[in-house]
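Data block below; observations after.
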Amino acid sequence: MGNKVPYGYIERSHGLKGRMVLKLFVFGPAEALDVGTILYLDDRELTVVRSRKRDNDRVTVDCSEIWKKAQAEDLRGEAIEVEVNQVLKPGFPVPIYSFAEFTIVSRGISFQVESIDYNTVNPQLMVMGKNGLFPVPLALVLTGNVNSEERTVTIDLPEGLEEI
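Numbering of the sequence shown is given in numbering that gives the first Met the number 0, commencing with residue 0 and proceeding in unit increments.
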């Protein structure tokens, strides 16, 4: 099994046959999930059989294990994880939480990502510097050289950012 990351939550059901609306924690507009994508909930796995983009933050999904509205309603609010390799690919929005435990390298200095401050407007990586935590906008991070295997981002951070 691969590396799982938080990807969103089940916002609500839609229709009578168990379709669900997922609110996604991603940077960039939401995209429909591929057929066969596995959604991991606390104690179960759901397999996507159909997905459509609803808006920039949401997708709808039909899963083989859910076929009634009541089943989908029982899952309302449940957190969803996905395997990074199923969603970290060209054309898909970047899962915000895939950057947990990355290291940012700027001008030869390494900064550890400690946490993610998610919001839909300007998600931030909270990074440990010599004076404590400081925010680095995800939009800035994505302009750098991201190495998913080594879990590093090489980028020149603006002078003084780590002193904020």
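Note that the Cβ used here is the ideal one computed from N, Cα and C, for glycine as well.
**Item:** Terminal residues of the beta strand (DSSP E) in which L45 lies
**Value:** E44 to K52
**Prompt:** In three-state terms, what does DSSP make of R11?
**Reply:** strand
**Message:** Please return the same chain residues whose Cβ sits closer than 8 Å to the Cβ of C62, not counting the five positions on each side in sequence.
**Reply:** G17, M19, L38, L45, T46, V47 and V48
**Item:** Identified DSSP bridge partners for K3
**Value:** E82
**Request:** Look up E113 in the DSSP assignment and say whether it is helix, strand or coil.
**Result:** strand
**Message:** Could you check whether P134 and D155 sit closer than 9 Å to each other, using their CB atoms as the reference points?
**Reply:** no
**Item:** Per-residue DSSP class, three states only, for L139
**Value:** helix
**Cut-off 7 Å between Cβ atoms - residues of its own chain near L32, not counting five sequence neighbours on either side** = Excluding sequence neighbours, L32 sits near V47, S50, V58 and V60.
**Request:** Could you give the DSSP three-state label for S63: helix, strand or coil?
**Result:** coil
**Beta-carbon gap between G128 and E161 smaller than 9 Å** = yes
**Message:** Counting C-beta neighbours from all protein chains within 10 Å, is the total for A138 16 or more, i.e. buried, or is it exposed?
**Reply:** exposed
**Request:** Find the nearest neighbour of L40 within the set V93, V81, E30 and H13, judged by alpha-carbon distance.
**Result:** V81
**Endpoints, beta strand (DSSP E) assigned at K22** = Element bounds for K22: R18 to L23.
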